[in-house]
Amino acid sequence: MTDGADEEAGMDPQQASVIMQEARDRARRALVVRRPVLLAVWGAAWLVSDGAIWLSVRGQRPYNGPTPAALATLTLVIAAAAVFAAIYIGRAGSGVGGLSVLQRRVLLLSYLGGYVALFTLEAALDHAGASRAVLAVYGAAAPILLVALTVAASAAVFLDWSLLGLGLWLLAVAAGSGFAGPVTVWAVSALAGGGALLVMAVIGLWPNRS
Amino acid sequence: MSTDGLDPVIHGPARLRIMVTLVTLREGDDLSFTRLQDLLGLTPGNLITHLRKLEDAGYVTTVKSGAGVTARTSVSLTRDGRVALDRYTTALRQLLDAAAPPPPAPP
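Chains as they are written, first to last, in my numbering: chain A, 238 to 447; chain B, 4 to 110.
Structure, rendered in structure tokens:
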């Protein structure tokens, strides 16, 4: 802890510049959520989880669905990414209040509500007699659509064009991936969805970009 | 080196660090007193003293909410505070540029 005596000592412009730089670096490290970090974690989780599903269903004719091991991998990987994101955002957001916290909560609530709606609709399709193949296409593509819309909404909230670009790309992936069929749709989702997040993370982590 | 042109309210190590820390937040956000204290490593009394000076100048606002264990004091930079820090940064850069040695003359 420091006392107030240093305030009376005065400082020259050079010292002030150093203090500013140190304080800025420290505050950014402590308070700012680095989006590339979150994109990297979610991109890797997406790539691994949908990749695992694809590996378990490739070659299936007719389509029978993923193995329990692949579904367990998906669940564990997504859960791990969610825990990491919660801890990372929670640490940076500790003590921070105001508008951005409210915006983040609204986005999270919309996203979680969207997932409940997706699963409910999937159950309704199953109840209506949809085949495993149709359910697979829906199960792979619908979450991409939800992520795409959430990312696009985030672009509006944070006024970020790169997020809008990512959102539009994911909308195109969601719309087009279904045509790949119930097996290949998982590979398309893993590569074009998770891969896109990883590319954005790399771009953001590039020196002097974030 | 002269410090003419630098806002004396901001031009102190602790107050400068307070201002720079708060400007890191997005506009409309605030920071709890305890987290700010933790980040800066100041004693509560010292932080209160500096915040009062900044508040008197209209550069920060402190808001107390809740009571008992839920009591929270939040600190945020005002619009005037952001403008003042911008001006301070510009003035500081000009002073540093003026003090820098001139580039070597071409042969």
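Note that beta-carbon positions come from the ideal geometry of N, C-alpha and C, so glycine has one too.
Whole-angstrom distance between residue j and residue i, CA atom to CA atom
{"i": "residue 321/A", "j": "residue 10/B", "result": "42 Å"}
{"i": "residue 63/B", "j": "residue 346/A", "result": "32 Å"}
{"i": "residue 400/A", "j": "residue 391/A", "result": "7 Å"}
{"i": "residue 297/A", "j": "residue 372/A", "result": "15 Å"}
{"i": "residue 271/A", "j": "residue 66/B", "result": "28 Å"}
{"i": "residue 50/B", "j": "residue 304/A", "result": "59 Å"}
{"i": "residue 47/B", "j": "residue 81/B", "result": "21 Å"}
{"i": "residue 396/A", "j": "residue 109/B", "result": "46 Å"}
{"i": "residue 332/A", "j": "residue 349/A", "result": "24 Å"}
{"i": "residue 54/B", "j": "residue 438/A", "result": "38 Å"}
{"i": "residue 98/B", "j": "residue 8/B", "result": "9 Å"}
{"i": "residue 267/A", "j": "residue 328/A", "result": "8 Å"}
{"i": "residue 195/A", "j": "residue 301/A", "result": "The first residue shown for chain A is 238 and the last is 447, placing residue 195/A beyond what the model contains."}
{"i": "residue 56/B", "j": "residue 12/B", "result": "7 Å"}
{"i": "residue 292/A", "j": "residue 89/B", "result": "55 Å"}
{"i": "residue 107/B", "j": "residue 100/B", "result": "15 Å"}
{"i": "residue 299/A", "j": "residue 261/A", "result": "58 Å"}
{"i": "residue 60/B", "j": "residue 382/A", "result": "50 Å"}
{"i": "residue 104/B", "j": "residue 259/A", "result": "24 Å"}
{"i": "residue 281/A", "j": "residue 442/A", "result": "15 Å"}
{"i": "residue 95/B", "j": "residue 358/A", "result": "60 Å"}
For residue i, three-class secondary structure by DSSP
{"i": "residue 9/B", "result": "coil"}
{"i": "residue 365/A", "result": "coil"}
{"i": "residue 298/A", "result": "coil"}
{"i": "residue 245/A", "result": "Here residue 245/A scores only 48 on pLDDT, less than 50, and its place in the model is too uncertain to base an answer on."}
{"i": "residue 443/A", "result": "coil"}
Cutoff 8 Å: residue i Cβ touching any chain A Cβ
{"i": "residue 106/B", "result": "no"}
{"i": "residue 85/B", "result": "no"}
{"i": "residue 61/B", "result": "no"}
{"i": "residue 32/B", "result": "yes"}
{"i": "residue 57/B", "result": "no"}
{"i": "residue 29/B", "result": "yes"}
{"i": "residue 98/B", "result": "yes"}
{"i": "residue 19/B", "result": "yes"}
{"i": "residue 119/B", "result": "Outside the modelled stretch of chain B, which goes from 4 to 110, sits residue 119/B, for which no answer is possible."}
{"i": "residue 24/B", "result": "yes"}
{"i": "residue 76/B", "result": "no"}
{"i": "residue 38/B", "result": "yes"}
{"i": "residue 95/B", "result": "yes"}
{"i": "residue 80/B", "result": "no"}
{"i": "residue 109/B", "result": "no"}
{"i": "residue 42/B", "result": "yes"}
Contact with chain B by residue i, beta-carbon distance below 8 Å
{"i": "residue 269/A", "result": "yes"}
{"i": "residue 390/A", "result": "no"}
{"i": "residue 329/A", "result": "no"}
{"i": "residue 251/A", "result": "yes"}
{"i": "residue 254/A", "result": "yes"}
{"i": "residue 265/A", "result": "yes"}
{"i": "residue 333/A", "result": "yes"}
{"i": "residue 336/A", "result": "yes"}
{"i": "residue 257/A", "result": "yes"}
Chain C contact for residue i (CB, 8 Å cutoff)
{"i": "residue 260/A", "result": "The structure shown contains no chain C; its protein chains are A and B."}
Residue i CB to nearest heavy atom of the ligand FMN below 7 Å
{"i": "residue 104/B", "result": "The ligand FMN is absent from the structure shown, which contains no ligand whatsoever."}
Answer yes if the segment 412-419 of chain A comes into contact with the segment 360-373 of chain A, meaning at least three C-beta pairs across the two stretches below 8 Å, and no otherwise. Of all C-beta pairs linking the segment 360-373 of chain A to the segment 412-419 of chain A, three or more are shorter than 8 Å, placing the two stretches in contact.
Validate contact between the segment 421-438 of chain A and the segment 278-295 of chain A using beta carbons, cut 8 Å, 3 pairs: Judged by pairs of C-beta atoms under 8 Å, the segment 421-438 of chain A touches the segment 278-295 of chain A, as three or more such pairs exist.
Every unbroken beta strand (DSSP E) inside the segment 389-436 of chain A [3 residues or more]: Note on the segment 389-436 of chain A: there is no whole beta strand (DSSP E) run with a minimum of 3 residues.
Quick one: complete beta strand (DSSP E) runs, 3+ long, within the segment 7-63 of chain B? Whole beta strand (DSSP E) segments, 3+ residues: 32-35.
Would the segment 326-346 of chain A count as touching the segment 27-38 of chain B if we require 3 or more Cβ pairs under 8 Å? The segment 326-346 of chain A vs the segment 27-38 of chain B: in contact.
For the segment 63-108 of chain B, which segments carrying the beta strand (DSSP E) assignment without a break, of at least 3 residues, lie completely within its bounds, in sequence order? Fully enclosed beta strand (DSSP E) runs of 3 or longer: 63-68 and 75-80.
Please give the ranges of any alpha helix (DSSP H) in the segment 304-336 of chain A, keeping only runs that are unbroken, at least 4 residues long and fully inside the region. The DSSP assignment places complete alpha helix (DSSP H) segments of no fewer than 4 residues inside the segment 304-336 of chain A at 305-330, in order along the chain.
Could you give the uninterrupted runs of the alpha helix (DSSP H) lying entirely in the segment 249-283 of chain A, keeping only those of 4 residues or more? Under the rule that a run must span 4 or more residues, the alpha helix (DSSP H) segments found entirely inside the segment 249-283 of chain A read 250-268.
Three or more C-beta pairs under 8 Å: does that hold for the segment 12-28 of chain B against the segment 301-315 of chain A? Because the criterion of three Cβ pairs below 8 Å is not met, the segment 12-28 of chain B and the segment 301-315 of chain A do not touch.
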